[in-house]
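Reading the sequence shown from the start, the letters are residues 18 to 212 in the working numbering.
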Amino acid sequence: MEQFDFYAYIGRMKYILRWGLMRNTVPENIKEHSLDVAVIAHALAIIHNRLCGYEELSPDRACVYAVFHDASEIITGDLPTPVKYYNPVIKENYGAIEDVAKDKLLSMLPGDMADVYRPILFYENEDPAYYPIVKAADRLSAYIKCVEEVKAGNREFVKAMEATKASIDENELPEVRYFMDHYMEAYAKTLDEMN
Numbered sequence: 018m019e020q021f022d023f024y025a026y027i028g029r030m031k032y033i034l035r036w037g038l039m040r041n042t043v044p045e046n047i048k049e050h051s052l053d054v055a056v057i058a059h060a061l062a063i064i065h066n067r068l069c070g071y072e073e074l075s076p077d078r079a080c081v082y083a084v085f086h087d088a089s090e091i092i093t094g095d096l097p098t099p100v101k102y103y104n105p106v107i108k109e110n111y112g113a114i115e116d117v118a119k120d121k122l123l124s125m126l127p128g129d130m131a132d133v134y135r136p137i138l139f140y141e142n143e144d145p146a147y148y149p150i151v152k153a154a155d156r157l158s159a160y161i162k163c164v165e166e167v168k169a170g171n172r173e174f175v176k177a178m179e180a181t182k183a184s185i186d187e188n189e190l191p192e193v194r195y196f197m198d199h200y201m202e203a204y205a206k207t208l209d210e211m212n
């Protein structure tokens with residue numbers, strides 16, 4: 018009986034640590050990060066539909082795309098943001114490497130299953146309406162990590178928090194502004210301060 022490695026590889030997301038250049042009080046892996054991004058992307062799609070009155074997006078689809086948005090890093094590792102976006106050549110070449118890694122993951126599935134996962138792993142090209150939502154959720158997740166680290170007294174994350182906040186402030190999606198205005202403050206609270 019033929020065996021396939023795709024799901025075992027996806028399960029290894031827990032071994033890929035984020036924020037590799039920084040001292041973390043609580044290490045974060047891409048499996049944990051992907052769940053955070055999925056929850057936020059789901060929320061942003063709901064806000065997009067219900068509160069902003071835009072064309073309907075499927076919150077479920079946004080969630081699935083977010084779950085797999087960093088799957089290529091199982092093969093490539095997590096390249097730190099300052100390196101990944103250092104210049105356009107590195108960014109473009111790393112994008113090509115990510116595509117090769119996604120194709121490698123797809124090769125670990127039988128053809129009829131790979132056909133289902135190809136549009137998920139390559140959602141930016143296959144379903145581009147969701148890219149701004151998932152990208153914003155990814156950025157919000159990074160900001161939340163920074164807030165939590167700074168709250169824990171880790172000054173290592175102060176500059177990253179400021180830079181990430183600035184990039185969020187530049188985002189013109191009203192659903193991002195709504196999330197920041199109505200949900201972000203709670204991430205800086207202690208458990209006792211929450212309702």
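Cβ coordinates follow ideal geometry from the N, Cα and C atoms, glycine included.
Sequence-distant residues of its chain with Cβ nearer than 8 Å to residue i (five each side left out)
i: E45; result: L34, R35, W36 and K162
i: L52; result: V84
i: K119; result: A88, S89, L138 and F139
i: R40; result: N171 and E173
i: Y195; result: I64, L68 and C69
Residue environment, residue i, which counts as buried when at least 16 other CB atoms sit within 10 Å
i: E166; result: buried
i: D186; result: exposed
i: R78; result: buried
i: P127; result: exposed
i: S184; result: exposed
i: A25; result: exposed
i: D155; result: buried
i: T42; result: exposed
i: L68; result: exposed
i: A177; result: buried
i: V117; result: exposed
i: Y160; result: buried
i: A203; result: exposed
Spatial distance of residue i from residue j (CA atoms)
i: F85; j: F21; result: 18 Å
i: P191; j: G170; result: 31 Å
i: E90; j: H50; result: 12 Å
i: I114; j: P105; result: 14 Å
i: L208; j: N110; result: 43 Å
i: E19; j: G28; result: 19 Å
i: D129; j: H199; result: 42 Å
i: C80; j: I57; result: 8 Å
i: K108; j: P76; result: 29 Å
i: I92; j: L38; result: 19 Å
i: K182; j: K101; result: 19 Å
i: A180; j: Y103; result: 14 Å
i: T98; j: M201; result: 22 Å
i: N5; j: L157; result: Only positions 18 to 212 of the chain appear in this structure, which leaves residue 5 out of reach.
i: G112; j: E210; result: 42 Å
i: N142; j: M197; result: 28 Å
i: V164; j: N212; result: 19 Å
i: A55; j: F23; result: 20 Å
Spatial neighbours of residue i in its chain, beta-carbon cut-off 6 Å, leaving aside the 5 residues before and after
i: Y2; result: Given a span of 18 to 212 for the chain in the structure shown, any question on residue 2 remains unanswerable.
i: K206; result: none
i: Y71; result: H65
i: V193; result: A153
Cβ shell of residue i (< 7 Å), same chain only, five flanking positions each side left out
i: I47; result: M30, I33, R35, D87, E90 and D95
i: V175; result: V167
i: L74; result: A62, H65, N66, A146, Y147 and I150
Below-9 Å beta-carbon distance, residue i vs any chain D residue
i: E189; result: The structure shown contains no chain D, having only a single protein chain.
Start-end ranges of the alpha helix (DSSP H) lying completely within the segment 52-139, minimum 4 residues: Entirely contained in the segment 52-139, the alpha helix (DSSP H) runs reaching 4 residues are, in chain order, 76-84, 90-93, 98-101, 105-123 and 128-138.
The segment 116-126 in contact with the segment 134-151 per 3-pair CB rule at 8 Å: Touching, per the Cβ criterion.
Three-pair Cβ contact test at 8 Å for the segment 144-152 versus the segment 47-65: Output reads yes: the segment 47-65 touches the segment 144-152.
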